[in-house]
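Let me begin by presenting the structure, written as structure tokens, before commenting on it.
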Amino acid sequence: MDTVKTPVFTDKAIDLLRYRQYTFEVDSKATKTDVKNWVERVFKVKVSGINSLRSSPKVRRMGANVGHRARYKRMIVNVRYPYFLRM
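Residue numbers (the numbering used here): 1 to 87.
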């Protein structure tokens, strides 16, 4: 299972970079522990905390057909002081 899919670079995510908080889009079944272990192993940093958020599916209409946009899960990773990620 690929735990982390991609880093996120939205306006909010870019603002969080100055506080050593990095946002990643992750697999919907990934846990905070999975993401913490992945970040510490790949980037060789210490993680001090993780916040997770899951989007609600948005309703999309195509004429008479009603569908939903896919849900996604993001995690905001806090990195301890002397460390930072090169992205």
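Just so it is clear, CB atoms sit at the ideal spot from N, CA and C, and this is done for glycine as well.
The model shown is predicted, which means the values in this text are computed figures rather than measured ones.
For MET87, count neighbouring C-beta atoms within 10 Å of its own C-beta (all shown protein chains included) and say buried if the count is 16 or more, exposed if not.
-> Counting Cβ neighbours within 10 Å, MET87 comes out exposed, since fewer than 16 surround it.
Could you pull out every residue in the same chain whose Cβ sits closer than 8 Å to the Cβ of GLU25, ignoring the five residues on either side in sequence?
-> Same-chain partners within the cutoff: VAL4, LYS5, THR6, PRO7, VAL8, TYR72, LYS73, ARG74.
Where DSSP assigns a beta bridge to SER52, which residues make up the other side?
-> Residue pairing by DSSP places SER52 opposite MET75 in a beta bridge.
Opposing strand residues paired with MET62 [DSSP bridges] | The secondary-structure analysis by DSSP pairs MET62 across a beta bridge with ASN65.
Which residues in the same chain have their Cβ closer than 6 Å to the Cβ of ARG54, if we skip the five residues on either side of it in sequence?
-> Closer than 6 Å at Cβ, skipping near neighbours: LYS73.
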